[in-house]
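K.L.:
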Amino acid sequence: MIVAIDGTVSSGKSTIARELAKYIGFLHINTGAIYRALTVKFLNNNIKPDELEKIKNAIMSTIIDMKHVDNATKIFIDGNDVTQIINTPVISQNVSHYSKIPEVRGFARFLQHQFAGANNCVIEGRDIGTVVFPNADVKIFMTADVDVRAKRRLTDYEKQGKTFTLEEVKAEILARDKEDEERPISPLKPAKDAFIYYNNGSDIKKVILDLVQIIENKTGYKI
Ligand code: DC
Numbered sequence: 105m106i107v108a109i110d111g112t113v114s115s116g117k118s119t120i121a122r123e124l125a126k127y128i129g130f131l132h133i134n135t136g137a138i139y140r141a142l143t144v145k146f147l148n149n150n151i152k153p154d155e156l157e158k159i160k161n162a163i164m165s166t167i168i169d170m171k172h173v174d175n176a177t178k179i180f181i182d183g184n185d186v187t188q189i190i191n192t193p194v195i196s197q198n199v200s201h202y203s204k205i206p207e208v209r210g211f212a213r214f215l216q217h218q219f220a221g222a223n224n225c226v227i228e229g230r231d232i233g234t235v236v237f238p239n240a241d242v243k244i245f246m247t248a249d250v251d252v253r254a255k256r257r258l259t260d261y262e263k264q265g266k267t268f269t270l271e272e273v274k275a276e277i278l279a280r281d282k283e284d285e286e287r288p289i290s291p292l293k294p295a296k297d298a299f300i301y302y303n304n305g306s307d308i309k310k311v312i313l314d315l316v317q318i319i320e321n322k323t324g325y326k327i
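What the sequence shown shows, in this note's numbering, is residues 105 to 327, in sequence order.
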């Protein structure tokens with residue numbers, strides 16, 4: 105079974121997808137991590153978003169792997185563990201410039217199918233229910249008010265020891281929403297058959313139970 109969770113930046117979808125997957129015993133796949141890992145490689149190799157030939161060559165020589173180690177998912181690019189670096193501000197600020205490139209999306213889509221395999225999985229991203237797995241059994245579109253999202257992102261940055269103002273983080277989020285929603289390929293939008301879920305609260309357990317209810321009602325599957 106495939107549970108697709110798409111949604112906006114800092115809507116809490118990664119935490120929820122991870123905890124939901126644990127709760128129902130499914131594999132968790134964070135597809136944003138794939139775009140972020142590729143961004144690490146492009147930046148390390150000084151490849152700009154408009155250098156398409158270099159991007160294509162870099163993709164051809166790239167190996168991305170996701171491994172579940174000690175109850176956490178780690179992501180590797182060309183054998184290097186980039187799990188920590190992918191969530192740093194420099195990657196967050198650059199990733200949407202690369203993730204709108206068709207060749208990058210094609211490669212990421214191939215990997216997403218490979219990682220999902222024949223497993224029961226909770227897979228999260230921007231275009232899972234619309235493009236990557238249009239026949240997903242359950243589709244959820246998660247979002248929250250921009251102030252709530254900015255506070256969440258600020259807390260994440262503070263944990264990394266980075267200081268920004270709330271206004272700066274809010275501006276980053278709005279800019280990334282715009283990039284995600286306005287790109288011509290796979291723009292961020294809810295699938296027609298998605299459940300829209302507003303994640304404005306802080307009670308993760310409640311969200312998980314709400315989603316379990318949605319999954320059970322939609323599929324008849326008993327969790
Ligand atoms: O969810 P996130 O912030 O980790 O995503 C990082 C970037 O990758 C974000 O700018 C949008 C892009 N992305 C995408 O285009 N499609 C996906 N399925 C997942 C992420």
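Yeah, the Cβ is synthetic: ideal placement off N, Cα and C, and Gly gets one too.
#1: Whose CA, out of Ser-114, Lys-326, Met-164 and Lys-296, lies closest to the CA of Asp-281?
#2: So, helix, strand or coil for Leu-131, using DSSP?
#3: Short of 6 Å in beta carbon distance, which residues of its chain neighbour Ile-120, apart from the five on each side in sequence? Order them along the chain.
#4: Val-107 by DSSP, collapsed to three states: which one?
#5: Can you tell which of Asn-224, Ala-275, Phe-180 and Leu-142 has the C-alpha that lies nearest to the C-alpha of His-201?
#6: For Leu-215 and Val-208, what's the separation of their Cα atoms in angstroms?
#7: Looking only at its chain, what residues have a beta carbon closer than 6 Å to the beta carbon of Ile-128, apart from the 5 residues adjacent to it on each side?
#8: According to DSSP, is Ala-298 helix, strand or coil?
#9: Measure from the alpha carbon of Leu-131 to the alpha carbon of each residue in Phe-219, Arg-213, Ile-195 and Gly-210, then state which is nearest.
#10: Considering Thr-177, what are the terminal residues of the alpha helix (DSSP H) in which it resides?
#11: Is any non-hydrogen atom of ligand 1 found closer than 8 Å to the C-beta of Gly-136, if you look at the structure I gave you?
#12: Could you compute how far the alpha carbon of Leu-270 sits from the alpha carbon of Ala-254?
#13: Compute every distance between the C-beta of Lys-117 and the non-hydrogen atoms of ligand 1, then say whether any falls below 8 Å.
#14: Given 8 Å as the limit, is there contact between the region 225-234 and the region 290-299, that is, 3 or more CB pairs closer than that?
#15: Measuring CA to CA, which of Met-246, Asp-241, Ala-248 and Asp-249 is closest to Asn-321?
P.N.:
Well, looking at it:
#1: It is Ser-114.
#2: Note: Leu-131 maps to strand in three-state DSSP.
#3: Cβ neighbours of Ile-120 beyond the five flanking positions: Val-311.
#4: If DSSP states are grouped into helix, strand and coil, Val-107 belongs with the strands.
#5: Of all alpha-carbon atoms in Asn-224, Ala-275, Phe-180 and Leu-142, the one lying nearest the alpha-carbon of His-201 is that of Leu-142.
#6: Distance between the alpha carbons of Leu-215 and Val-208 is about 11 Å.
#7: Ile-327.
#8: Ala-298: coil per DSSP, three-state reduction.
#9: Taking only the C-alpha atoms, the option nearest Leu-131 is Phe-219.
#10: For Thr-177, no alpha helix (DSSP H) segment is defined; the enclosing uninterrupted segment is the beta strand (DSSP E) at 176-181.
#11: Yes, since a heavy atom of ligand 1 falls inside the 8 Å radius drawn around the Cβ of Gly-136.
#12: Taking the straight line joining both Cα atoms gives about 7 Å.
#13: Lys-117 has its Cβ nearer than 8 Å to a heavy atom of ligand 1.
#14: Because the criterion of three Cβ pairs below 8 Å is met, the region 225-234 and the region 290-299 touch.
#15: Answer by Cα proximity: Asp-241.
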